[in-house]
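Just so it is clear: in the sequence shown, position 13 is 12 by numbering that gives the first Met the number 0, and no numbers are missing.
Some notes on the structure that comes next.
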Amino acid sequence: MIVLGIESSCDETGVGIVDLHDDGTMDILADVVASSMEQHARFGGVVPEIASRAHLEAMPQVMEKALADAGIAKPDAVAATVGPGLAGALLVGASAAKAYAAAWGVPFYGVNHLGGHVAVANLDGEPLPHAIALLVSGGHTQLLEVEAVGRPMRELGTTLDDAAGEAYDKVARLLGLGYPGGPVVDKLAAAGDPQAVAFPRALSRAEDLRGEHRYNFSFSGLKTAVARHVEAAERDGRVISVEDVCASFQEAVCDVLTAKAVMACEDTGARTLLLGGGVAANRRLRELAQQRCDAAGIELRVPRFSLCTDNGVMIAALAAQLIHEGGQPSGLGVGTDTGLEVEVPLVHA
């Protein structure tokens, strides 16, 4: 069965196509993504209306190329992200997917964006066992307990304010480094001293780890601490090392993320940690996660970079897994949901 997936929850317009075999394995036939990141750069972050318009403009070209890459005229099923995400962006992608499904006369599946990030784990290796998924991007920072791909997930923790990727963008803007912030901060951090500035690790005190915030994150205070450090230096006429600030900021982010992720694995008995989302490309996050997983005897899985960021393949892969397990189509009347819960992998009308 050929399954086509459309992803449009934020600023990437993705169309992916997979070939689902009888034994549940899949081959990637196409993976095409158009990003509107450059259009958001002068605003220092994603502007929902710009993202929605960009999806509308890019969809025909992205679809045409994906079909050509796969060498098919039409798929056997169409899937799309119906949540969570930006309202307008979701609406464009889901509406396009329904229109294609109706025109081709094939079933439509509305699936969960976060479940898609987990589903890609099966494309590069053995089926994902009981695991903890750490999803880190500009819009998400979450710890999820996963029993298997396509099954309802349990949210253990999330960010109470800024997502980690959002904090990178804000700190980069503060330092005059442009947008997006993640890659440039990571690059500069490699030349800096991660111990140069003692930035805070929020929600990591003993009382936090014993209470309701054991698995939660907060990066707004860290962002503010960076701002105050820079302001104090300017006020005192001191020249700061941008490399040291980036390295110290990044160390604070990665320290908290990996410590809580490994803790969640140990608490739940999961022996696998899955790292996903755009920030999964971060050098220090991968390095520290590997070190801590090795020390705890936990397998670390990080999908190839192209599958960590938002893409259509992850949506096709999740839908294909659900189809393999007997999941029924959503129907064209299903709506989008900006706050779709992680417990819902497949949405029905």
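Virtual Cβ for every residue (Gly too), placed ideally from N, Cα, C.
Linking Arg213 to Ala195 through their CA atoms gives a straight-line distance of about 27 Å. In its chain, beyond the 5 residues on either side, Ile131, Glu144 have a beta carbon closer than 7 Å to the beta carbon of Thr267.
Non-local C-beta neighbours of Pro151 in its own chain, meaning closer than 8 Å and more than five positions away in sequence, comprise Val341, Glu342, Val343, Pro344, ordered along the chain. Counting along the chain, no alpha helix (DSSP H) covers Phe198, and no H or E run does either. Going by DSSP, Arg213 is part of no beta strand (DSSP E) at all; its letter is neither H nor E.
Of all alpha-carbon atoms in Leu331, Leu339, Ala348, Gly338, the one lying nearest the alpha-carbon of Val77 is that of Leu331. Looking only at Gly164, Ser217, Ala100, His116, the smallest Cα-Cα distance to Gly44 is reached by Gly164. Fully contained in the region 247-305 are the following beta strand (DSSP E) runs of length 3 or more, in chain order: 271-275, 298-300. Per DSSP, reduced to three states, the secondary structure at Ile239 is coil, with no helix or strand assignment.
Considering only Arg200, Glu211, Gln289, Val278, the residue with the shortest C-alpha distance to Asp254 is Arg200. Annotation for Tyr108: the continuous beta strand (DSSP E) segment containing it runs 107-111. The DSSP-derived three-state label of Thr223 is helix. The region 10-81 is shown to contain whole beta strand (DSSP E) runs of 3 or more residues at 11-19, 25-34, in chain order.
Restricting attention to Val61, Ser219, Glu125, Glu146, the CA atom closest to the CA of Asp168 is found in Ser219. For Val145, the enclosing beta strand (DSSP E) covers residues 140-145. Gly325 sits in coil when the DSSP states are folded into three classes, being neither helix nor strand. Ala53 and Thr12 do touch by the CB rule: their CB atoms are close to 7 Å apart, below 8 Å.
Under a 10 Å Cβ-count criterion, Phe304 is classified as exposed, with fewer than 16 other Cβ atoms of the shown protein chains found around its own Cβ.
For secondary structure counted as the alpha helix (DSSP H) over 4 or more consecutive residues, the region 149-213 holds these complete runs in sequence order: 163-173, 180-188, 205-209.
Looking at Leu176, Gly124, Glu250, the one whose alpha-carbon comes closest to that of Thr271 is Gly124.
For Gly4, the secondary structure class from DSSP, reduced to helix, strand or coil, is strand.
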